[in-house]
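Peer 1: For the working numbering, count along the sequence shown from 1 and bump the result up by 1. We put the beta carbon where it would ideally sit given N, CA and C, even for glycine.
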Amino acid sequence: MHRIMIVDDEENILKALSRSLRREPDWEIECYSSAEDALRRARSCIFDAVISDCNMPGCNGIDFLAELRDIQPDACRILMTGMVNIDTLMQAINQAGAFRFFAKPWDDEALMAGIREGLRYRDMLVENRMLAEKIRDQQAELEQYRMQRRVSMSH
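In structure tokens:
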């Protein structure tokens, strides 16, 4: 099961995205119409992917995703906007660490494919980190065992 957050100040966009994404049986969708509410929720619940509008009142999507990255660095971050320009793209990548960028109106199949790819990438990163931690733990146990053997052999 993957938990996905959608953030957009336009209710019709939230409904359309939610309707499209709910076709995936193992995706749990949560929608928020303000970045502030979404950030509050992100502080208490882990999301695998977050899709945000770029132009929202109060907190734009790039600032939102950058703050979300601090809270949940593993979440796949996707930015959507109606106005595409190179500066926005660069900010989305450099400031917010966006995985993908989609223009509105979006193509459902392309969006779904991008989310699936982002979730696979996120899952791989998390698994790699867990394996690295396991290896470090095993190396520490082995070192502790070697030290105990040295001590017992010297007596």
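Is it right to say M84 is buried, meaning 16 or more other beta carbons lie within 10 angstroms of its own, or is it exposed?
Peer 2: Taking the first residue of the sequence shown as position 1, residue 84 is located at position 83. Exposed, by the Cβ-count rule.
Peer 1: Taking the alpha carbon of I79 as the point to measure from, which residue in G59, F48, P58 has its own alpha carbon closest?
Peer 2: The residue you call residue 79 lines up with position 78 of the sequence shown. Ranking G59, F48, P58 by Cα distance to I79 puts F48 first.
Peer 1: Taking D54 as part of the beta strand (DSSP E), name the residues at either end of that continuous run.
Peer 2: Sequence index remark: in the sequence shown, residue 54 carries index 53 (1-based). DSSP places D54 inside the beta strand (DSSP E), whose first and last residues are 50-54.
Peer 1: Can you name the residues that DSSP bridges to T82?
Peer 2: If you number the sequence shown from 1, residue 82 lands on position 81. Bridge partners of T82: A104.
Peer 1: Closest by CA to S19, which one among I52, F65, I136, Q96?
Peer 2: Mapped onto the sequence shown, residue 19 falls at position 18. The shortest Cα separation from S19 among I52, F65, I136, Q96 belongs to I52.
Peer 1: Here's the rule I'm using: 16 or more other beta-carbon atoms within 10 Å means buried, otherwise exposed. How should N61 be labelled?
Peer 2: As a position in the sequence shown, residue 61 is number 60, starting the count at 1. Label assigned to N61: buried.
Peer 1: Using 10 angstroms around the beta-carbon of M81, count the other beta-carbons present and answer buried if the total reaches 16, otherwise exposed.
Peer 2: Taking the first residue of the sequence shown as 1, we reach residue 81 at position 80. Counting Cβ neighbours within 10 Å, M81 comes out buried, since at least 16 surround it.
Peer 1: Measuring straight from C-alpha to C-alpha, what distance separates E25 and D54?
Peer 2: By 1-based counting over the sequence shown, the position of residue 25 is 24. By 1-based counting over the sequence shown, the position of residue 54 is 53. Using only the alpha carbons, I get a separation of about 21 Å.
Peer 1: From the DSSP output, read off the bridge partner residues of M6.
Peer 2: Taking the first residue of the sequence shown as 1, we reach residue 6 at position 5. Its beta-bridge partners are E31, V51.
Peer 1: Is the number of C-beta pairs between the segment 86-95 and the segment 38-47 that are closer than 8 Å three or more?
Peer 2: no
Peer 1: Hey, how far is the Cα of R70 from the Cα of R23?
Peer 2: As a first step, residue 70 must be located in the sequence shown, where it is residue number 69. As a first step, residue 23 must be located in the sequence shown, where it is residue number 22. Cα to Cα, the separation comes out at about 24 Å.
Peer 1: With burial defined as no fewer than 16 other Cβ atoms inside 10 Å of the residue's Cβ, what is the status of D9: buried or exposed?
Peer 2: To locate residue 9, count along the sequence shown from 1; it is residue 8. Buried: at least 16 other Cβ atoms inside 10 Å.
Peer 1: Quick check: the Cα distance between P74 and Q145, rounded to an integer number of angstroms?
Peer 2: Counting from 1 along the sequence shown, the entry for residue 74 is found at position 73. Counting from 1 along the sequence shown, the entry for residue 145 is found at position 144. When rounded, the distance between both Cα atoms is 32 Å.
Peer 1: Name the one or two DSSP bridge partners that C77 has.
Peer 2: Taking the sequence shown and counting its residues from 1, the one referred to as residue 77 is at position 76. C77 pairs with A50.
Peer 1: Within 10 angstroms of the Cβ of R121, are there 16 or more other Cβ atoms? Answer buried if so, exposed if not.
Peer 2: Your numbering for residue 121 matches position 120 in the sequence shown. Here R121 is exposed. Its C-beta has fewer than 16 other C-beta atoms within 10 Å.
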